[in-house]
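Enquirer: The sequence shown maps to residues 1236 to 1395 in this note's numbering.
Glycine included, every Cβ here is placed at the ideal spot set by N, Cα and C.
Bear in mind that the values here come from a model prediction, so they are computed numbers and not experimental data.
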Amino acid sequence: MIKISHSPEETLQLGKSLGSLLVAGDIILLFGDLGAGKTSLTQGICYGLELDKDSYIRSPTFTLINEYPGRLPIYHIDLYRVDSQKEIYSLGLEEILFNQGVTIIEWAEKLRSPKNPETLMLNIQDRLEINIKIISDSEREFTFNAFFPEPRPLPVFTLL
Ligand SMILES: Nc1ncnc2c1ncn2[C@@H]1O[C@H](COP(=O)(O)OP(=O)(O)O)[C@@H](O)[C@H]1O
Ligand SMILES: [Mg+2]
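1. Cβ of Ile1312 within 7 angstroms of Cβ of Ile1323?
2. Considering Cα atoms alone, identify which of Leu1264, Ser1348, Asp1287 is closest to Gln1320.
3. Tell me the DSSP bridge mates of Arg1347?
4. Is Leu1265 near Ala1343, with beta carbons less than 7 angstroms apart?
5. Helix, strand or coil for Ser1294, going by three-state DSSP, please let me know.
6. I'd like the span of the beta strand (DSSP E) that includes Pro1243, first residue to last.
7. Does any residue of chain D have a CB that is nearer than 7 angstroms to the CB of Arg1306?
8. Looking only at its chain, what residues have a beta carbon closer than 7 angstroms to the beta carbon of Pro1388, apart from the 5 residues adjacent to it on each side?
9. Check Tyr1310 in the structure and name its three-state DSSP category.
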């Protein structure tokens, strides 16, 4: 499924409708270049998970992992600065991923094994992959690929 957002506000709204549908244990993988809108979408997802509007969400650049209290615990991970598989393994992400929160990972490209791009590191199987492409200054293309054993409702988008 592909959706176009025409503004940062639409992206926030898109994240919000997605966040409202998430359940414990969900993993969201975000792919896309710098400035694509991964963090903006994450903010929306957090609001959809009922995180306080005043909470400040930004990429966990130095800590790598931020935790926010929503209706479920939210773990926001940014792998931008990670440059080896060894480093990824050393983060102990399994404990977070296979727990009762929602995990959102920016720069999920780094989780693809170079030898076998079909396979994700850390034994990630069930997940929603979102690819974000920059179309113009204000437009972004979102491509959703759900990998779940059972069909899941995707957000009722207001976007065209
Ligand atoms: N339709 C849009 N959706 C999201 N961001 C947009 C859009 N149009 C312009 N932008 C701008 O793109 C940037 C996205 O930044 P950010 O979410 O931090 O990206 P990333 O985390 O992918 O690096 C912001 O400066 C935002 O204002
Ligand atoms: Mg970011």
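Expert: In short:
1. Here residue 1312 corresponds to residue number 77 of the sequence shown, with the count starting at 1. Here residue 1323 corresponds to residue number 88 of the sequence shown, with the count starting at 1. No; because the gap between Cβ atoms is not below 7 angstroms, this pair is not in contact.
2. Walking along the sequence shown from the start, residue 1320 turns up at place 85. When only C-alpha atoms are compared, the closest one is Ser1348.
3. For the purposes of this step, residue 1347 is taken as the residue at position 112 of the sequence shown. Per DSSP, Leu1355.
4. Within the sequence shown, numbered from 1, the residue matching residue 1265 stands at position 30. Within the sequence shown, numbered from 1, the residue matching residue 1343 stands at position 108. For Leu1265 and Ala1343, yes; Cβs fall inside 7 angstroms.
5. As a working note, residue 1294 is residue 59 in the sequence shown. DSSP places Ser1294 in coil when its eight states are reduced to three.
6. Taking the first residue of the sequence shown as 1, we reach residue 1243 at position 8. Careful: Pro1243 lies outside any beta strand (DSSP E), inside the alpha helix (DSSP H) at 1243 to 1254.
7. Of the protein chains in the structure, only one exists, and it is not chain D.
8. Working through the sequence shown from its first residue, we reach residue 1388 at position 153. Closer than 7 angstroms at the Cβ level, and outside the excluded window around Pro1388, lie Leu1256.
9. Mapped onto the sequence shown, residue 1310 falls at position 75. DSSP places Tyr1310 in strand when its eight states are reduced to three.
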